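Participant: Take a look at the following structure, please.
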Amino acid sequence: MNKVIVIGAGLAGSECAWQLANHGFKVELYEMRPKVNSLAHHTDLFGELVCSNSLRAASLTNAVGLLKEELRLLNSLLMECADQTKVPAGGALAVDRHLFAKMITEKIKNHPNITVINEEVTDLNFSYPTVIASGPLTTGKLAESIKSLTGDEYLYFYDAAAPIVTKESIDFSKAYFASRYGKGDGEYINCPMNEEQYQRFYHELINAEVVPIKEFEKEIYFEGCMPIEEMARRGEKTLLFGPLKPVGLEHPETKETYHAVVQLRQDNKEGTLYNLVGFQTHLKWGEQKRVFRLIPGLEKAEFVRYGVMHRNTYINSPSLLNNKLQLKHNPNYYFAGQITGSEGYVEAIATGLAVAYSIIFDKSFPRETAIGSLTNYLSDSSIKNFQPMNINFGLFLPPEKKIKDKKQKYEYYKDRALETIINFTKSL
Ligand SMILES: Cc1cc2nc3c(=O)[nH]c(=O)nc-3n(C[C@H](O)[C@H](O)[C@H](O)COP(=O)(O)OP(=O)(O)OC[C@H]3O[C@@H](n4cnc5c(N)ncnc54)[C@H](O)[C@@H]3O)c2cc1C
């Protein structure tokens, strides 16, 4: 039986290992936690979501929604677990992070074709095809080995994670439930601010103490996860057009509108924990408590997790990988997950699945699909100055007709992409 090594039981590695094992491959899955911990992970579970609990938009007329639907059509384990552990989140697919990761862990550990090896990988000297899915927080020694394998085409940038508070510590004489523009069932908790409260919060936020950044490390942020204080420094009004945007969030009873609104999203199935949406931060923990408690309704908030920030490791995929996400100069190695520079949870899952398909069927996904446009983007050698935040794989669905209306365009893309996926799977 064919054997494959998978390094990292995160989002990409878990999906990849599962697909391979289901297609009859023997998988050795290396995961270092809990023996060696990463700064962003909090558990020893596989497929842990390190920041937001949202897998983003559910709608199919949206690139990330389409990607999720394709994954479902391809029997993705992680999508199955997400659908089974989802929590209310308006137009998004959000999950109970603990149940989600627990389900993935149990499925993987009980698969007869998967052997889990609880060790940190430090050297890349396997004699079997090897999938490197060690994520943005790849340990130093492994990162060095990857560098030896890939040469200097190796980079890093920064990421941040949002704090989580208990629902019972929120003051509901000020906070209220509502979803923007009334979409969904009003699942978000909203903490409104008037102009004076916003001004005070804003000034404390931009002047709060942050964890010092090491000088040798470049300051590039993952756009979807930029620290709130960093965004605030871009201008006094920036937050009012970003995470503190008040539009569509009037009070459902009083119909009052506000200068700014902080939203909190449900974080666990029981609905006892909520995360501060868009509040990824690099502030020192004591400062987070002081500054975020200035938000009306959060004066007595109990923080079960503080926001954190980390270095992110990724390779220069367009120059190193082919569209099977395989190392061009050493076909024994494949890369999946954020280490490829792909952005976001769903993209990590998609690259994990794509690599498994490359190994199983020796085929890459057609560009007309969302998965194919992502993998083709990652291996597009015409891309110069590659940075993860540049990825917009929706652009790669080729328009045969010129459709101006964005919604209609995605309607068209969606039909074409899903049909292509179905035909692709039939052809395997
Ligand atoms: C702080 C932070 C916040 C983020 N927030 C979001 C967000 O809100 N939304 C979003 O869509 N995306 C977010 N991302 C981006 C990205 O989608 C996630 O990081 C995602 O988890 C990447 O999946 P992955 O499988 O590549 O890596 P991971 O899920 O991190 O999995 C990698 C696994 O490899 C293991 N590992 C690492 N090194 C070794 C080694 N040497 N030996 C053995 N095992 C090893 C790790 O323990 C881990 O389990 C964030 C990233 C970070 C770092």
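Numbered continuously in the UniProt record's numbering, the sequence shown closes out at residue 428. Cβ coordinates follow ideal geometry from the N, Cα and C atoms, glycine included. Predicted model only: the values in this text are computed from it and were never measured.
Out of N125, M103, N423, S52, point me to the one whose CA is closest to C81's CA.
Facilitator: The residue with the shortest Cα to Cα distance from C81 is M103.
Participant: Quick one: what's S381 bridged to in DSSP?
Facilitator: Answer by DSSP bridge pairing: none, since S381 is not bridged.
Participant: Helix or strand or just coil, what does DSSP make of Y202?
Facilitator: Y202 falls in the helix class under three-state DSSP.
Participant: Quick check: what's the CA-CA separation for N53 versus K406?
Facilitator: Using only the alpha carbons, I get a separation of about 27 angstroms.
Participant: Reducing DSSP to helix, strand and coil, say where I403 ends up.
Facilitator: Looking at I403 - three-state DSSP - the assignment turns out to be coil, as it is neither helix nor strand.
Participant: Sorted by chain position, which residues of the same chain lie with C-beta nearer than 6 angstroms to K409's C-beta, five sequence neighbours on each side aside?
Facilitator: Excluding sequence neighbours, K409 sits near I403.
Participant: Excluding five sequence neighbours on each side, which residues of the same chain lie with their C-beta closer than 7 angstroms to the C-beta of N323?
Facilitator: S364, T375, N376, S379.
Participant: Among G297, E15, E119, which residue has its Cα nearest to the Cα of A350?
Facilitator: Taking only the C-alpha atoms, the option nearest A350 is E15.
Participant: In the DSSP assignment, find the beta strand (DSSP E) that holds A17 and state where it starts and stops.
Facilitator: Careful: A17 lies outside any beta strand (DSSP E), inside the alpha helix (DSSP H) at 11-22.
Participant: Can you determine whether any heavy atom of ligand 1 sits closer than 7 angstroms to the C-beta of Q19, and answer yes or no?
Facilitator: The answer is no for Q19.
Participant: Would you mind stating whether I371 and P129 have Cβ atoms separated by less than 8 angstroms?
Facilitator: Cβ distance not < 8 angstroms, so I371 and P129 don't count as in contact.
Participant: May I ask whether a heavy atom of ligand 1 can be found less than 7 angstroms away from the beta carbon of R305?
Facilitator: R305: no, Cβ never under 7 angstroms from ligand 1.
Participant: Exposed or buried, which one is N75 when buried takes at least 16 other CB atoms within 10 Å?
Facilitator: Burial call: exposed.
Participant: Here's a check: name, in chain order, each residue in its chain whose Cβ is nearer than 7 angstroms to the Cβ of N390, leaving out the five neighbours to either side.
Facilitator: Confidence in N390 is poor, its pLDDT being 49 and thus under 50, which makes the residue's placement unreliable; the coordinate value appears in the next sentence. Nothing meets the Cβ criterion.
Participant: Measuring only the C-alpha atoms, how far is K284 from L244?
Facilitator: The straight-line gap from Cα to Cα measures roughly 21 angstroms.
Participant: DSSP puts G193 in a beta bridge; with which residues?
Facilitator: Residue 193 is actually Met in this sequence, not Gly. For M193, which the question treats as bridged, DSSP gives the partners A260.
Participant: With V165 and L298 assumed to form a contact (beta carbons below 8 angstroms), what rounded beta-carbon distance in angstroms separates them?
Facilitator: Sure, about 7 angstroms apart at Cβ, within 8 angstroms.
Participant: Going straight from the alpha carbon of H42 to that of V50, what length do you get?
Facilitator: If I take the Cα positions, the gap works out to 8 angstroms.
Participant: Consult DSSP for K86 and reduce its assignment to one of helix, strand or coil.
Facilitator: Looking at K86 - three-state DSSP - the assignment turns out to be strand.
Participant: Could you check whether the segment 109-116 touches the segment 17-34, counting it as contact only if at least three pairs of C-beta atoms, one from each stretch, sit closer than 8 angstroms?
Facilitator: Output reads yes: the segment 17-34 touches the segment 109-116.
Participant: Rounded C-beta distance between K167 and Y30? I'm assuming under 8 angstroms.
Facilitator: Going by Cβ atoms, the distance from K167 to Y30 rounds to 37 angstroms, so no, they are not a contact pair.
Participant: Tell me where the alpha helix (DSSP H) around V68 begins and ends.
Facilitator: According to the sequence displayed, residue 68 carries Lys and not Val. Start and end: 63-73.
Participant: Where does K3 fall in DSSP's three states?
Facilitator: Correct three-state label for K3: strand.
Participant: Given the structure, does G341 come close to ligand 1, in the sense that its CB is under 7 angstroms from one of the ligand's heavy atoms?
Facilitator: No; taking the cut-off as 7 angstroms, the Cβ of G341 has no heavy atom of ligand 1 nearer than that.
Participant: Using the beta-carbon count (16 or more within 10 Å), is N316 buried or exposed?
Facilitator: Buried, because 16 or more other Cβ atoms sit within 10 Å of the Cβ of N316.
Participant: Excluding the 5 residues preceding and the 5 following V64 in the sequence, name in chain order all residues of the same chain whose CB lies nearer than 6 angstroms to its CB.
Facilitator: If we look at V64 and ignore the five residues flanking it on each side, its Cβ neighbours are R56, A57, V346.
Participant: Using only the alpha-carbon positions, how far apart do F303 and I132 sit?
Facilitator: Cα to Cα, F303 sits roughly 34 angstroms from I132.
Participant: Give the C-beta separation of D96 and T85 to the nearest angstrom, bearing in mind that I take them to be a contact with Cβ-Cβ under 8 angstroms.
Facilitator: Correct: roughly 5 angstroms between the Cβ atoms.
Participant: Following a CB-centred definition, is T138 positioned closer than 7 angstroms to any heavy atom of ligand 1?
Facilitator: T138: yes, Cβ under 7 angstroms from ligand 1.
Participant: Measuring only the C-alpha atoms, how far is V27 from L73?
Facilitator: Whole-angstrom Cα-Cα distance: 23 angstroms.
Participant: Comparing the CB of H282 with every heavy atom of ligand 1, is any distance shorter than 7 angstroms?
Facilitator: The answer is no for H282.
Participant: If you reduce the DSSP assignment to three classes, tell me which class Y188 lands in.
Facilitator: Three-state DSSP puts Y188 in coil, outside helix and strand.
Participant: How is S127 classed by DSSP in three states: helix, strand or coil?
Facilitator: Three-state result, S127: coil.
Participant: List the residues that DSSP assigns as beta-bridge partners of E28.
Facilitator: Its beta-bridge partners are I5, T115.
Participant: For the alpha helix (DSSP H) containing S357, name the first residue and the last one.
Facilitator: The residue you asked about is not Ser; residue 357 is Tyr in the sequence shown. Y357 -> alpha helix (DSSP H) spans 345-361.
Participant: Using a Cβ-Cβ cut-off of 8 angstroms (strictly less than) and excluding sequence neighbours within five positions of V211, which residues of its own chain qualify?
Facilitator: Around V211: H282, L283, K284, M309.
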